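**Q**
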Amino acid sequence: MADHDAESCSSQFIYDVFLSFRGSTRCGFTDNLYTALTNKGITTFRDDENLRVGDRIRDTLLEAIKRSRMSIAVVCQNYASSAWCLDELVQIMECSNKGTKRPVFPIFYHVDPSDVRHQKNQYDQDMKKHESRYGKDSHKVQAWRLALQEVSNLSGKHCKVHSYESEMIKSIVEEVSAKLPPEPLYIKHPIGFDSHFEAVESLWNIKSHNTICMLVIYGDGNKTTFVGELFNKFRHQFQAAIFLDKVSEKSRSVDGLENLQVALLYEMGVHKKPKLGSTLKGSSDIKQSLRNKRVLLVLDDVDDTEQLDSLAGGGDWFCPGSRIVITTRDANFLNNQVLDGFKIEKYCINEGEFDRMEALGSNQKQDKVVEEDMVGFENIFNDVTKQLKENDSRVDVISIIGMGGLGKTTLAKKIYNNEVKKLFSCCVWVTVSKDYKAKELLQSLLKGCGLWESIKGKDISEDDQKSKVQKFLEKKKYLIVLDDVWEPEVWDEVKCVFPKNNNGSAILITSRNDGVANYTGSRSYYPPLLEKDESWKLFCKKVFKGGECPSVLESIGRLMTEKCRGLPLAIITLAGVVGKKKRLTVEWMRIMRSVIWYLAKDNSKVTEVLKLSYDSLPQRLKTCFLYFGIYPEDYAIPVKRLVQLWIAEGFIQPPEIGISDGLEVEDIGEEYLNELVDRSLVMVAKRRSDGGIKSCRIHDLLLDLCISENRAEKDIVFCTEKDIRSLGNFKSCRLSLRGNDLDSFNQCDHSRIHSLMCFWKYYDIKNALINVTSFDSARILDFGDPAFGLSSQAAQNLGTFIHLRYLRLHQDPYLENHCDFICFLANLETLIVEENYDFSFELPHGIWRLKKLRHLEGWLRMTSKTAPPDMSKEECLPNLQTLQFVFFEEKLTMSSVVNGRFPKLRKLGLARDFGSECTEHEQLQGLHHLKNLEKLKLVDFGELPQAHEFPSNITKITITTSAFSYDCGIRSENGY
1 MADHDAESCS
11 SQFIYDVFLS
21 FRGSTRCGFT
31 DNLYTALTNK
41 GITTFRDDEN
51 LRVGDRIRDT
61 LLEAIKRSRM
71 SIAVVCQNYA
81 SSAWCLDELV
91 QIMECSNKGT
101 KRPVFPIFYH
111 VDPSDVRHQK
121 NQYDQDMKKH
131 ESRYGKDSHK
141 VQAWRLALQE
151 VSNLSGKHCK
161 VHSYESEMIK
171 SIVEEVSAKL
181 PPEPLYIKHP
191 IGFDSHFEAV
201 ESLWNIKSHN
211 TICMLVIYGD
221 GNKTTFVGEL
231 FNKFRHQFQA
241 AIFLDKVSEK
251 SRSVDGLENL
261 QVALLYEMGV
271 HKKPKLGSTL
281 KGSSDIKQSL
291 RNKRVLLVLD
301 DVDDTEQLDS
311 LAGGGDWFCP
321 GSRIVITTRD
331 ANFLNNQVLD
341 GFKIEKYCIN
351 EGEFDRMEAL
361 GSNQKQDKVV
371 EEDMVGFENI
381 FNDVTKQLKE
391 NDSRVDVISI
401 IGMGGLGKTT
411 LAKKIYNNEV
421 KKLFSCCVWV
431 TVSKDYKAKE
441 LLQSLLKGCG
451 LWESIKGKDI
461 SEDDQKSKVQ
471 KFLEKKKYLI
481 VLDDVWEPEV
491 WDEVKCVFPK
501 NNNGSAILIT
511 SRNDGVANYT
521 GSRSYYPPLL
531 EKDESWKLFC
541 KKVFKGGECP
551 SVLESIGRLM
561 TEKCRGLPLA
571 IITLAGVVGK
581 KKRLTVEWMR
591 IMRSVIWYLA
601 KDNSKVTEVL
611 KLSYDSLPQR
621 LKTCFLYFGI
631 YPEDYAIPVK
641 RLVQLWIAEG
651 FIQPPEIGIS
661 DGLEVEDIGE
671 EYLNELVDRS
681 LVMVAKRRSD
691 GGIKSCRIHD
701 LLLDLCISEN
711 RAEKDIVFCT
721 EKDIRSLGNF
731 KSCRLSLRGN
741 DLDSFNQCDH
751 SRIHSLMCFW
761 KYYDIKNALI
771 NVTSFDSARI
781 LDFGDPAFGL
791 SSQAAQNLGT
801 FIHLRYLRLH
811 QDPYLENHCD
821 FICFLANLET
831 LIVEENYDFS
841 FELPHGIWRL
851 KKLRHLEGWL
861 RMTSKTAPPD
871 MSKEECLPNL
881 QTLQFVFFEE
891 KLTMSSVVNG
901 RFPKLRKLGL
911 ARDFGSECTE
921 HEQLQGLHHL
931 KNLEKLKLVD
941 FGELPQAHEF
951 PSNITKITIT
961 TSAFSYDCGI
971 RSENGY
């Protein structure tokens with residue numbers, strides 16, 4: 001106990017650095033060095049000339065050396081001539097070699113280190129003078145010679161005569177700052193836990209640099225004092241040591257976790273900013289700062305897994321040899337927590353006993369995964385584990401793909417920790433993450449294979465490092481998990497290290513990007529969003545810890561979980577909010593009304609996880625993704641409409657001439673959508689018969705992300721029933737209008753509106769008139785699904801909207817007789833006239849002026865007025881892709897109308913006109929002129945042309961009658 005108390009007393013350092021130097025350097029180099037250290041905030045002891053009196057080192061200097069965390073020896077040409085300097089050096093080396101092992105940093109100033117080591121030249125002369133005074137065999141002289149040899153063998157700096165001292169001093173200060181050992185804690189009343197320390201030392205094997213150990217201290221004893229003394233006793237054996245107290249209390253304050261992360265980073269000397277922006281960003285920064293140093297990290301009073309996740313998220317955060325100590329009041333705190341890459345030990349401080357959990361190396365993980373986190377994944381889990389058990393030949397690559405927060409990593413952990421793991425002789429888990437670096441990824445594999453310590457610090461090329469991993473795995477049956485892979489290129493970095501053993505080895509990948517699965521050629525699994533009952537089950541297990549929900553709260557609780565739309569992370573986050581509230585109807589109702597707000601607020605983990613996916617998008621996809629914010633919740637979005645809107649907005653540029661190879665902007669738009677689907681940001685609602693996407697949806701939480709990002713950019717205004725009257729105050733260029741107050745809308749100023757999308761809530765506006773007289777800047781006008789009329793003034797004004805690219809409106813009697821305005825919309829690309837089969841719209845002859853028109857849809861009538869017999873061949877629509885549905889009246893036929901006027905037509909819909917003077921066969925003649933036609937829809941045609949009369953590229957024919965419809969897949973030389 002006495003020894004321990006003495007050490008506690010001596011450990012109260014006064015100085016960071018003790019500066020030992022010869023008087024000849026005092027006013028030059030040493031003074032500049034002292035000033036630079038002080039400016040860096042490093043408390044430095046520099047002696048006063050008045051202290052050096054007599055032959056013995058004064059007690060003041062001896063005390064200063066003992067009370068300094070490290071020493072710098074400025075060893076100059078005549079350093080050995082001073083008995084004072086040599087006495088100081090002996091004391092400095094004694095403090096370095098015994099007990100606390102404090103660092104010593106030598107600077108060889110204008111002297112060759114070999115002269116000091118071998119005591120040559122001036123050093124030989126000076127030491128001989130000391131021998132003549134004190135005797136050759138004097139213990140004092142022998143101690144001086146030994147100290148000189150020891151200091152000359154240490155790593156330091158050699159400041160040559162003609163070197164730039166300012167640059168040298170700057171470099172020295174940086175190195176000293178990095179070498180300073182951790183500062184001890186001040187413990188007012190040390191208790192002394194010597195017997196406990198011995199037990200702890202046996203538990204975490206502090207001399208081992210191959211493992212990362214986490215020690216959990218629990219019990220009724222004074223845990224904080226114990227870990228404080230433990231910190232002081234062992235801190236000097238680490239490159240960095242951090243003690244964070246009152247973690248539980250501090251984390252519950254505003255931005256508490258983020259502030260704790262800032263404190264940790266500050267102690268590491270790598271972050272001085274007051275704010276990080278998010279705990280996810282903080283975790284990334286901590287991981288970067290910890291992974292290259294042996295660290296002692298103490299987290300005092302931890303009671304929540306989120307605290308642990310934010311401050312010590314996994315073994316791949318730490319350098320091998322690091323030690324993490326946490327204190328907690330709950331002995332079972334970590335029983336259900338998955339901690340990657342730690343060897344975990346538990347120690348009860350009140351009983352002096354320890355309880356060993358599953359011992360895990362840096363390349364292993366716990367065998368316990370919380371069972372409730374597996375809700376809804378059972379089928380995939382069983383399928384993958386069966387595959388791993390039965391495969392005994394090729395190397396299997398398996399991918400788990402899905403949106404952020406879906407539980408891919410949880411599922412992978414369950415598989416990894418299953419008994420199937422025993423079939424593999426080598427198991428390695430590597431977390432890749434969004435901002436991975438190839439070098440760090442390779443290091444993680446080396447650490448996982450236990451190879452890192454043997455090459456650490458050596459100059460070994462990246463290719464040689466890969467070769468080491470490859471040779472290590474060559475004769476082993478291995479299971480490698482690559483968790484959180486963002487881009488396919490990661491596979492290129494690591495695939496060469498995985499030998500094709502043909503022994504049943506496996507690589508398991510989790511990713512948000514389906515492109516990763518496609519690139520690796522793996523077997524892919526797509527965990528679905530949870531069903532309603534599964535969501536409720538997960539919610540209850542998180543809130544009630546195995547108990548049952550009171551019946552009076554169940555209906556409210558189910559409504560809450562339904563708003564999470566089956567996303568496990570959202571359900572777990574919501575459960576965390578609800579679990580901290582009183583189980584009262586009024587409390588639950590208040591949360592239920594604002595579920596999305598709780599889940600999407602700035603510091604929510606849900607928002608952080610989902611925003612990562614958005615942040616990773618290239619700019620071309622970010623713009624397209626944010627456009628989803630214009631749609632209401634749970635809206636089935638027709639893909640062809642969406643792509644047409646993207647084109648009208650200018651989001652998609654035409655391919656360059658000469659490299660398009662028949663590629664149109666519509667093809668590029670569909671490719672953009674496929675990329676968003678592959679990245680798990682958009683969900684497929686329905687597919688076409690050819691496998692393409694017909695309609696899509698976006699999760700409500702991702703929709704909220706779109707809305708918040710758009711709001712930040714002031715790009716889209718979402719105007720609902722209650723704020724239609726304040727529309728004039730908005731200056732945004734895109735308007736998503738929801739409500740049915742058409743009168744108020746008509747009174748607003750529309751001049752700033754660039755795009756208008758209407759999603760009317762009710763159908764009681766059927767007889768209302770919409771006034772769009774001031775939409776002259778609009779590129780897009782979509783008046784929604786219910787039928788309403790255009791005022792006469794509106795119809796006249798539409799013809800002046802020269803910027804209009806996209807127009808969707810509804811047929812009405814007025815429009816039937818006043819449709820010539822369409823012919824003046826020279827930039828129009830998409831025209832959709834919504835109506836039914838019984839009420840068609842006659843195309844005016846001026847339609848041929850619209851040379852940019854790409855899509856013309858509705859129930860459309862072509863008459864002799866539309867296409868007169870004497871019509872010039874120059875009257876054509878050169879860019880038209882879609883034309884449906886068309887009636888040919890009177891004597892018009894396909895042959896008489898087509899005649900080279902639709903060179904790019906891909907999709908055609910024809911409706912039989914029963915009043916036509918031509919037969920069905922005559923009406924359909926001329927189809928073979930449409931060389932690019934791919935899809936044909938026929939309504940009420942009972943007779944089909946002969947096979948040779950169809951275009952060669954056609955892939956699909958849909959036949960519709962009043963009784964039925966069916967698709968015909970037509971095999972052509974180009975496929976289906």
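First residue of the sequence shown: 1, per the UniProt record's numbering; consecutive thereafter. C-beta: ideal position from N, C-alpha, C; glycine also. Only a predicted model underlies this, so the values are computations on that prediction, with no experimental measurement involved.
#1: When you compare the CB positions of ASN210 and GLY521, do they come within less than 8 Å of one another, or not?
#2: Between the beta-carbon of GLU150 and the beta-carbon of VAL141, is there less than 8 Å?
#3: Out of curiosity, what's the CA-to-CA distance linking ILE959 and PHE801?
#4: Return the residue from the list TYR123, LEU905 and ASP913 that minimises the CA-CA distance to LEU927.
#5: Pairs of beta-carbons, one from the stretch 501-511 and one from the stretch 472-487, closer than 8 Å: are there three or more?
#6: On a Cα-Cα basis, can you pick out the residue from ARG235, CYS213, GLN122 and THR38 that is closest to SER177?
#7: Please report the residue range of the beta strand (DSSP E) in which GLN884 lies.
#8: Three or more C-beta pairs closer than 8 Å, one from the stretch 420-440 and one from the stretch 552-559: is that the case here?
#9: With H, G and I counted as helix, E and B as strand and the rest as coil, what does DSSP make of TRP859?
#10: Quick test of your reading: ASP678 and ASP514, contact by CB under 8 Å. State the CB separation rounded to the nearest angstrom.
#11: Pop quiz: ALA430 and LEU441 are said to be a contact at Cβ under 8 Å. What is the actual Cβ separation, rounded to whole angstroms?
#12: So is LEU889 buried or exposed if we call it buried at 16+ other beta carbons inside 10 Å?
#13: For ASP300, count the other beta carbons within 10 Å of its own beta carbon; 16 or more makes it buried, fewer makes it exposed. Which is it?
#14: Which residue or residues does DSSP assign as beta-bridge partners of VAL216?
#15: Terminal residues of the continuous alpha helix (DSSP H) containing ILE169?
#16: When the distance is taken between beta carbons, is VAL325 closer than 8 Å to LEU230?
#17: Excluding the five sequence neighbours on either side, which residues of its own chain have a C-beta within less than 7 Å of the C-beta of THR44, listed in chain order?
#18: Using DSSP with H/G/I as helix, E/B as strand and the rest coil, what is THR800?
#19: Alpha carbon to alpha carbon, how far is GLU419 from LEU388?
#20: So, are the CB atoms of SER695 and ILE637 less than 8 Å apart?
#21: Beta-carbon within less than 7 Å of CYS76's beta-carbon, same chain only, minus the 5 sequence neighbours each way: which residues are those?
#22: Quick check on the DSSP output: what are the complete alpha helix (DSSP H) runs of length 4 or more inside the stretch 620-654, in order along the chain?
#23: So, for residue 991: in the same chain, excluding its five sequence neighbours on each side, which residues have a beta-carbon less than 6 Å away from its beta-carbon?
#24: If I follow the unbroken beta strand (DSSP E) through PHE108, where does it start and stop?
#25: For GLU670, I'd like the list of residues in its chain whose CB is within less than 8 Å of its CB, leaving aside the five on either flank, ordered along the chain.
#26: Tell me where the beta strand (DSSP E) around residue 977 begins and ends.
#27: Return yes when the Cβ of ARG734 is within less than 8 Å of the Cβ of SER755, no when it is not.
#28: Along the alpha helix (DSSP H) that carries PHE238, what are the first and last residues, could you check?
#29: Per the DSSP calculation, SER680 is bridged to which residue(s)?
#30: Taking Cβ to Cβ, would you say LYS293 is nearer than 8 Å to VAL173?
#31: State the DSSP-derived secondary structure class of ILE753, mapped to helix, strand or coil.
#32: How is the beta strand (DSSP E) around VAL227 delimited, first residue to last?
#33: Helix, strand or coil for GLY546, going by three-state DSSP, please let me know.
#34: Below 8 Å between beta carbons: does that hold for ASP700 and ARG565?
#35: Determine the DSSP secondary structure at ALA73, reduced to helix, strand or coil.
#36: Could you give the residue range of the beta strand (DSSP E) that holds TYR478?
**A** Reading off the structure:
#1: Position 210 of the sequence shown, counting from 1, holds the residue named residue 210. Position 521 of the sequence shown, counting from 1, holds the residue named residue 521. In this structure, GLY521 does not lie closer than 8 Å to ASN210 by Cβ.
#2: Taking the first residue of the sequence shown as 1, we reach residue 150 at position 150. Taking the first residue of the sequence shown as 1, we reach residue 141 at position 141. No.
#3: The residue you call residue 959 lines up with position 959 of the sequence shown. The residue you call residue 801 lines up with position 801 of the sequence shown. Distance between the alpha carbons of ILE959 and PHE801 is about 38 Å.
#4: Your numbering for residue 927 matches position 927 in the sequence shown. Ranking TYR123, LEU905 and ASP913 by Cα distance to LEU927 puts LEU905 first.
#5: yes
#6: For this step, residue 177 is matched to residue 177 along the sequence shown. Cα-wise, what sits closest to SER177 is THR38.
#7: Along the sequence shown, one-based indexing puts residue 884 at 884. Segment 882-888, the beta strand (DSSP E) holding GLN884.
#8: no
#9: Residue numbering aside, residue 859 sits at position 859 when the sequence shown is read from its first letter. TRP859: strand per DSSP, three-state reduction.
#10: Position 678 of the sequence shown, counted from the first residue, corresponds to residue 678. Position 514 of the sequence shown, counted from the first residue, corresponds to residue 514. 4 Å between Cβ atoms; contact.
#11: Numbered from its first residue, the sequence shown carries residue 430 at position 430. Numbered from its first residue, the sequence shown carries residue 441 at position 441. The residue you asked about is not Ala; residue 430 is Val in the sequence shown. Sure, about 7 Å apart at Cβ, within 8 Å.
#12: Counted from its first residue, the sequence shown places residue 889 at position 889. The question names Leu, but residue 889 is Glu in the sequence shown. With 16 or more other Cβ atoms within 10 Å, it is buried.
#13: Translated into the one-based positions of the sequence shown, residue 300 becomes position 300. ASP300 should be labelled buried.
#14: As a working mapping, residue 216 is identified with position 216 in the sequence shown. Answer is ILE326 and LYS346, bridged to VAL216.
#15: Residue numbering aside, residue 169 sits at position 169 when the sequence shown is read from its first letter. ILE169 -> alpha helix (DSSP H) spans 165-179.
#16: As a first step, residue 230 is located in the sequence shown; it is residue number 230 there, counting from the start. As a first step, residue 325 is located in the sequence shown; it is residue number 325 there, counting from the start. Contact flag set, yes.
#17: Start at 1 with the first residue of the sequence shown, and residue 44 comes out as number 44. Correct list, in chain order: TYR15, ASP16, VAL17, LEU19, TYR34, LEU37 and THR38.
#18: Within the sequence shown, residue 800 is the residue found at index 800, counting from 1. Note: THR800 maps to coil in three-state DSSP.
#19: Indexing the sequence shown from 1 puts residue 419 at position 419. Indexing the sequence shown from 1 puts residue 388 at position 388. Looking at the two C-alpha atoms, the distance is approximately 11 Å.
#20: The residue given as residue 695 occupies position 695 in the sequence shown. The residue given as residue 637 occupies position 637 in the sequence shown. Yes.
#21: Position 76 of the sequence shown, counted from the start, is the residue given in the question as residue 76. So the qualifying residues of the chain are ARG22, SER24, THR25, TYR109, HIS110 and VAL111.
#22: 639-649
#23: The shown model of the chain, from 1 to 976, leaves out residue 991, and the question about it has no answer.
#24: The residue labelled residue 108 in the question sits at position 108 within the sequence shown. Start and end: 104-109.
#25: Counted from its first residue, the sequence shown places residue 670 at position 670. Cβ neighbours of GLU670 beyond the five flanking positions: VAL639, VAL643, GLY692 and ILE693.
#26: This structure cannot speak to residue 977, because the chain is shown only from 1 to 976.
#27: Taking the first residue of the sequence shown as 1, we reach residue 755 at position 755. Taking the first residue of the sequence shown as 1, we reach residue 734 at position 734. Contact flag set, yes.
#28: Translated into the one-based positions of the sequence shown, residue 238 becomes position 238. From DSSP, PHE238 is part of no alpha helix (DSSP H); its letter is neither H nor E.
#29: Mapped onto the sequence shown, residue 680 falls at position 680. According to DSSP, SER680 bridges with nothing at all.
#30: The count along the sequence shown starts at 1 and reaches residue 293 at position 293. The count along the sequence shown starts at 1 and reaches residue 173 at position 173. Cβ atoms of LYS293 and VAL173: not closer than 8 Å.
#31: The sequence position of residue 753 within the sequence shown is 753, counting from 1. Coil at ILE753, not helix or strand.
#32: If you number the sequence shown from 1, residue 227 lands on position 227. From DSSP, VAL227 is part of no beta strand (DSSP E) but of the alpha helix (DSSP H) over 223-234.
#33: One-based indexing of the sequence shown puts residue 546 at position 546. In this structure, GLY546 counts as coil in the three-state DSSP scheme.
#34: By 1-based counting over the sequence shown, the position of residue 700 is 700. By 1-based counting over the sequence shown, the position of residue 565 is 565. The answer is yes: Cβ separation under 8 Å.
#35: Position 73 of the sequence shown, counted from the start, is the residue given in the question as residue 73. Residue state, collapsed to three classes: strand.
#36: In the sequence shown, residue 478 corresponds to position 478, counting from 1. First-last of the beta strand (DSSP E) with TYR478: 478-485.
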